[in-house]
Amino acid sequence: MHSEAMVTNKRIILFLLAMTAVTSAWAQVFDTSSSEQQPPKYEVRAVWLTTIGGIDWPRTKATSPQMAELQRQELCRVLDRLQQGGINTVLLQTRVRATTIYPSRLEPWDACLTGTASRSPGYDPLQFAIDECHRRGMELHAWLVTMPIGKWNGAGCRAVRQSHPAIVKKIGQDGFLNPEKPQTADYMADLCEEITRRYDVDGIHLDYIRYPDEWRITIPRQQGRENITRIVRTVYSRVKSLKPWVKVSSSPVGKYKDLTRHSSRGWNAYDKVCQDAQGWLREGIMDALFPMMYFRGDQFYPFAVDWAENTYGRIVVPGLGIYFLDEARWPLTDITRELHFLRQLGLGHCYYRSQFYTNNTKGLYTYVTREIDRYPALVPPMTWQSQTPPRQPENLTVSPQSDGSVSLSWTHAGSPSDISFNIYASTEYPVDITDARNLIATRRQKTSLVIPTRNSAGLYYAVTATDRYGLESRPLNFPSQQPTLSGWGEEWLAESSAAPLLMMASGETLQLPSHITNTVDCDYIVVETLQGTIIHSQRMPRSRGDRATIIDISRVPEGFYCLRTIGKKNRQHRLGFVMVKR
């Protein structure tokens, strides 16, 4: 999954870890600017968007149709901000405390939507969020809090106690699902199945899939790990049997277990709360991990390396505790150094929580958008699920508009629900689709795109299709072949700054630059469709000095055409493209 150079980098980092215990000091070596790093094309950039108590969303309560509309608008503003910051994955808290933000047949509505538990907001927030994320080219993963089910007499806990009393355990004033009961795995799988069947989610994200902090574990830790793994395995099997492209992920404790030279200080996934998270990757019952690495210094860096060295070909995205920028007054550099470090390890990054990112806490949003995530990135493909890329798009056309913008359109033979599109642009031909700096739109659902005026001049374009597993097709370039300059006069080569030409025609004639008609081997100029059908031809005088530079297009219908010359021995050259719009 990682390049040879990336593996070498990680070995160097491991060597440094072995040489020193003061990780926070040597980590400054990796605090380089993004200009010194090649921006990755594939990288998960995520946020946890928390709904409990409406702390990230919603602040507005849907107590009427008008207030429900304001609630939807509030979410759209959050998603706009995330999209503009380069976020490609939204983990939306969908199951809160045995309560949901969608109309579930198993559990009641959460109070965050209306202020009252079990009350409908009058619309389906999960469906709305999915549609809005997909419209912005972002994945949406349904985040389910698993074990905690709220206060003993709360709406969620009461509902589970009534339907499945055998799997509920009371600790203090709270209720929890009992991981030691085999039926707990089936119940969690039922919830995940309900969401997977009914919604076009990109992922199922399991939070708190572990023994609760308050639980006094009396069984051997190995048995405890097997109990939690049973739940994970059951959920994974159920989801994959329905939609194998839906990613199953979890958010384990940020330190897997003690390392040789670095103690987890009593708080780790494996020994403390019975999460064998790396074992889940190794067994292939988890597609991605979002370990909650809300730490600094030698509690962060060596454990990040440990995650990177044990991905087993799956996706690992460390979560960063950016709320500490506010609540614990961490300096911004604590987070930015971790971001650069993760980039060099080939890992993504996830922010807890969304609000601290979108609010630009201590300038984080500004720094990230300028220095870390200046260019878009795609979510890594699920190559362990599929290795067959989709078909290439077809019939790519590029049409200049009267306002100076450019309209792209294309077709594809695949199902619209299973295919999205990535669009690339570059001043070089063919467009290099391996370079993230050429990405201008990702996961687009429509087969068209308008490029604004300020971004459209002198560019070549390419479009690829992406399937539900994230696999990408071969690119379709426009033009389909590189414009040839062989045989063109030196004057043309000297005066031309870009090829091919893009011209607009709004009347009966088209004025060509004189240096073209006077230097190119040209007996005829033809106007043809992009499929090669000649619409109009005009003979040129043999004497170059007498050649007209005005082409009669009075009988050419509105549309987008190619201008081509035909010379001696049928030598042909493409002059460029013309948009006829009257």
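Counting with my numbering, you get residues 2 to 583 for the letters of the sequence shown. Cβ atoms here follow ideal geometry from the backbone N, Cα and C, with glycine treated the same way. Fair warning: this is a prediction, and the values are worked out from it, not measured in the lab.
For the alpha helix (DSSP H) that residue i lies in, which residues bound it at each end?
i, result
"Q128", "P126 to R136"
"R359", "Reading the sequence as shown, one finds Thr at residue 359 and not Arg. Where T359 is concerned, the enclosing alpha helix (DSSP H) stretches over S355 to T359."
"E284", "A278 to E284"
"D327", "F325 to E328"
With residue i as the anchor, note down where its beta strand (DSSP E) starts and where it stops.
i, result
"E194", "Per DSSP, E194 belongs to no beta strand (DSSP E); it is in the alpha helix (DSSP H), P183 to R199."
"D578", "First, the amino acid is wrong: residue 578 is Phe here, not Asp. Run containing F578: Q573 to V581, per the beta strand (DSSP E) assignment."
"P66", "Run containing P66: none in the beta strand (DSSP E); it sits in the alpha helix (DSSP H), P66 to Q85."
"W49", "R46 to L50"
"L440", "L440 to R445"
"L178", "D175 to L178"
"E529", "Y525 to E529"
"T261", "T261 -> no beta strand (DSSP E), and no H or E assigned at all."
"R565", "G560 to I567"
"Y352", "H350 to Y352"
"L511", "T510 to Q512"
"L450", "S449 to I452"
If I measure Cβ to Cβ from residue i and keep anything under 7 Å in the same chain, skipping five residues before and after, which residues do I get?
i, result
"D191", "L107"
"I316", "V45, D288, A289 and P381"
"K152", "C158, Q174 and D175"
"W58", "L50, T52, E75, L76 and V79"
"L450", "L409, I424 and A442"
"R1", "Lying outside 2 to 583, the shown extent of the chain, residue 1 is not represented and no answer is given."
Tell me, please, which residues DSSP counts as bridged to residue i.
i, result
"S403", "Beta-bridge pairing links S403 to no other residue."
"W110", "T101"
"N478", "A463"
"W144", "Q94 and H206"
"P292", "DSSP output for P292 lists no bridge partner at all."
"L379", "Y43"
"I373", "According to DSSP, which records beta bridges pairwise, I373 is partnered with nothing at all."
"N423", "T465"
"G320", "M293 and C351"
"K248", "G204"
"E473", "T467"
Residue i to residue j, Cα distance in whole Å?
i, j, result
"Y461", "E559", "23 Å"
"A142", "D404", "Reading off the sequence shown, one finds His at residue 142, where the question assumed Ala. Roughly 39 Å separates the two Cα atoms."
"V527", "R565", "5 Å"
"G204", "H537", "53 Å"
"Y302", "R338", "10 Å"
"A466", "E133", "20 Å"
"S406", "I441", "14 Å"
"N311", "R330", "32 Å"
"Y124", "A69", "8 Å"
"V233", "I286", "7 Å"
"A463", "P480", "9 Å"
"L145", "P253", "13 Å"
"F129", "L71", "13 Å"
"A278", "W308", "10 Å"
Could you have a look at residue i and say whether DSSP puts it in helix, strand or coil?
i, result
"I220", "coil"
"P303", "helix"
"K170", "strand"
"A495", "Because the pLDDT of A495 is 31, which lies under 50, any placement of that residue in the model is unreliable, and the question is left without a value."
"L486", "Confidence in L486 is poor, its pLDDT being 35 and thus under 50, which makes the residue's placement too unreliable to answer from."
"N396", "strand"
"R338", "helix"
"K152", "strand"
"S538", "strand"
"I56", "coil"
"I552", "strand"
"V557", "coil"
"T412", "strand"
"V240", "helix"
"V233", "helix"
"V254", "strand"
"Y366", "helix"
"V161", "helix"
"R120", "coil"
"W27", "Bear in mind that the predicted position of W27 carries a pLDDT of just 41, short of 50, making it unreliable; the figure below should be weighed with that in mind. In this structure, W27 counts as helix in the three-state DSSP scheme."
"Y271", "helix"
When every heavy atom of the ligand ATP is checked, does at least one fall within less than 8 Å of the C-beta of residue i?
i, result
"E227", "Of the ligands one can find in the structure shown there are none, so the ligand ATP has no counterpart to examine."
Would you verify that the beta carbon of residue i is, or is not, closer than 9 Å to some beta carbon of chain B?
i, result
"E310", "Among the chains in the structure shown there is no chain B, since it carries only a single protein chain."
Could you pull out every residue in the same chain whose Cβ sits closer than 6 Å to the Cβ of residue i, ignoring the five residues on either side in sequence?
i, result
"F304", "K256"
Using a Cβ-Cβ cut-off of 8 Å (strictly less than) and excluding sequence neighbours within five positions of residue i, which residues of its own chain qualify?
i, result
"I323", "I336, Y352, Y353, R354, F357, Y358, T362 and L365"
"P476", "Q393, Y425, P431, V432, I434, A463, V464 and T465"
"E429", "Y461"
"P417", "Q446"
"I131", "L141, Y200, D201 and V202"
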